[in-house]
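Working notes for the structure below.
Numbering (our numbering), first residue to last: 159 to 392.
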């Protein structure tokens with residue numbers, strides 16, 4: 159009942175501070191599988207997707223004041239998808255992966271969106287891990303390899319000297335914590351999406367995997383903010 163009450167409030171046009179507080183409470187509650195059973199419905203998933211700006215294809219990410227709401231809604235969706243098989247099935251029905259890819263594209267060349275990007279990638283990782291049909295959809299329909307590789311490239315701030323050769327800057331500063339976390343989530347999602355890709359058929363796929371291999375090489379030469387984070391990245 160508490161979760162339902164929170165979602166009823168979130169469905170209304172409330173203040174940003176109220177939305178964030180409600181979402182933080184829901185995120186904590188959504189760690190409990192028993193709590194999730196009555197609230198994992200199509201309507202409730204759509205409420206959270208709307209708050210995460212996953213229902214708007216054209217609208218750009220412009221209102222910085224809304225970013226905390228987007229991040230918290232994505233965190234809630236991560237917990238719910240991880241803990242509920244019903245939510246995993248609804249994610250396919252609601253085309254959640256396509257919406258996440260679209261949001262990821264909106265994050266390109268934008269400032270202050272690292273947290274949005276990170277939890278978008280984490281949710282894509284969870285969906286590709288827990289639902290084989292979504293993994294196939296990402297690979298075949300949504301150009302998931304390309305989208306995730308570009309997200310990884312952006313997180314690592316790769317500069318190119320040749321088509322498949324990244325610039326090596328030995329004096330480069332370590333990645334920030336946010337950049338490292340984004341790169342790690344992109345790598346995890348890429349692993350899932352490319353898991354069954356041992357047989358490359360097309361010229362475009364060949365290019366995509368050579369491009370990805372160059373970025374992965376660059377990743378191995380990159381350091382994170384701490385020794386532990388660098389180890390996790392590699």
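C-beta: ideal position from N, C-alpha, C; glycine also. Keep in mind that this is a model prediction, so the values were computed, not measured.
- The Cβ atoms of residue 193 and residue 161 sit closer than 8 Å to each other.
- Here residue 251 is exposed: its Cβ has fewer than 16 other Cβ atoms, across all protein chains shown, within 10 Å.
- Of all alpha-carbon atoms in 233, 211 and 234, the one lying nearest the alpha-carbon of residue 224 is that of 211.
- Secondary structure within the region 242-296: the alpha helix (DSSP H) runs of 4 or more consecutive residues, fully enclosed, are 243-251, 254-264 and 272-288 (chain order).
- Its Cα nearest to that of residue 263, the residue 214 stands out among 233, 373, 176 and 214.
- With contacts defined as CB atoms closer than 8 Å, residue 184 and residue 239 fail to qualify as a contacting pair.
- In this structure, residue 344 sits near residue 279, with a CB-CB distance shorter than 8 Å.
- By the criterion of a C-beta distance shorter than 8 Å, residue 176 is surrounded in its chain by 167, once the five residues flanking it on both sides are discounted.
- Residue 253 is positioned such that its CB atom lies no closer than 8 Å to that of residue 293.
- Here the alpha carbons of residue 206 and residue 173 stand approximately 15 Å from one another.
- The beta carbon of residue 346 sits closer than 6 Å to the beta carbons of 283 from its chain, once the five residues preceding and following it are set aside; these are given in chain order.
- Linking residue 261 to residue 320 through their CA atoms gives a straight-line distance of about 29 Å.
- In the three-state scheme derived from DSSP, where H, G and I count as helix and E and B as strand, residue 324 is classed as strand.
- Under the DSSP assignment, residue 210 falls outside any alpha helix (DSSP H); it carries neither an H nor an E label.
- Within the same chain, no residue comes within 7 Å of residue 330 by CB-CB distance, once the 5 residues on both sides are set aside.
- Taking C-alpha positions only, residue 164 is separated from residue 336 by approximately 29 Å.
- In this structure, residue 304 keeps its C-beta atom at 8 Å or more from the C-beta atom of residue 246.
- When secondary structure is reduced to three states using DSSP, residue 174 falls in the helix class.
- When the five nearest sequence neighbours on each side are left out, the beta carbons in the same chain lying within less than 7 Å of the beta carbon of residue 368 are those of 322, in order along the chain.
- In the DSSP assignment, residue 163 falls within the alpha helix (DSSP H) that extends over 160-169.
- Taking all protein chains shown into account, residue 342 has 16 or more neighbouring C-beta atoms within 10 Å of its C-beta and is therefore buried.
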